[in-house]
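**Q**
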Amino acid sequence: MPLSDTRFLSRRRALSAKLAAQRVDAMLVTHLTHVRYLSGFSGSNGALLLHKDLEAQIATDGRYLTQIAAEVPDIEALDARAVGPDLLATVTGPKRVGFEADFVSVSQLQRLEKAAGEDVTLVPISGVIEDIRLV
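For the sequence shown, the numbering used here gives the first residue as 31, with consecutive numbering after it.
(1) Starting from the C-beta of residue 138, find all residues in its chain whose C-beta is less than 8 angstroms away, skip the five residues before and the five after it, and write them out in chain order.
(2) For residue 167, which residues from the same chain have a beta carbon less than 6 angstroms from its beta carbon, with the 5 sequence-adjacent residues on both sides left out?
(3) With DSSP as the reference, please indicate the residues paired to residue 71 in a beta bridge.
(4) By DSSP, does residue 35 sit in helix, in strand, or in coil?
(5) Beta-carbon within less than 6 angstroms of residue 64's beta-carbon, same chain only, minus the 5 sequence neighbours each way: which residues are those?
(6) Can you say whether residue 150 is buried or exposed, counting buried as having 16 or more other CB atoms within 10 angstroms of its CB?
(7) Please go through the segment 60-110 and give each complete alpha helix (DSSP H) segment of 4 or more residues, from N-terminal end onward.
(8) Starting from residue 151, follow its DSSP beta bridges and name the residues at the other end.
(9) What are the boundary residues of the alpha helix (DSSP H) that includes residue 135?
(10) Where does the unbroken alpha helix (DSSP H) through residue 158 begin, and where does it stop?
(11) Which residues in the same chain have their Cβ closer than 8 angstroms to the Cβ of residue 106, if we skip the five residues on either side of it in sequence?
(12) Let's test the definition: count the other Cβ atoms within 10 Å of the Cβ of residue 80 and tell me whether it reaches 16, buried, or not, exposed.
(13) Does chain D have any CB closer than 7 angstroms to the CB of residue 117?
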């Protein structure tokens, strides 16, 4: 595994540990700076869903599928237009999913709520990724 891959995996591990403290099962990361920090994906349309067990999916539209395969080979990619809602729609079972409250508008939150299954609870999370980035 290249050094860069281990760096991104270490960052995702740190976030996973924080998720347990927040009592959430997964985190939907939609702020592009944070998507890049956690995965290495440098495209202009993407979102990352990280589960507390380190399982992850990354979504982007068709323009970036080749790029995502090269930059993020260790994370399952999803071809999606509405990257956040489409990732959230893949979550099954009773789950608490955090979202970046500081970067999600009211209209974006409404789209996420519409995409979430009946047994998915959205949990606003602030500052967790920023805390990891400070280290």
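C-beta: ideal position from N, C-alpha, C; glycine also. As the structure is a computational prediction, the values presented were derived from the model and not from experiment.
**A** Judging by the given coordinates:
(1) 60 and 114
(2) Look at the range of the chain in this structure, 31 to 165, and you will see that residue 167 is not part of it.
(3) Beta-bridge pairing links residue 71 to no other residue.
(4) helix
(5) 159
(6) buried
(7) 62-69 and 95-101
(8) Secondary-structure assignment with DSSP links residue 151 through a beta bridge to 126.
(9) Premise fails: residue 135 is in no alpha helix (DSSP H) and is neither H nor E.
(10) 158-164
(11) 86, 87 and 88
(12) Flag for residue 80 reads buried.
(13) Of the protein chains in this structure there is only one, and it is not chain D.
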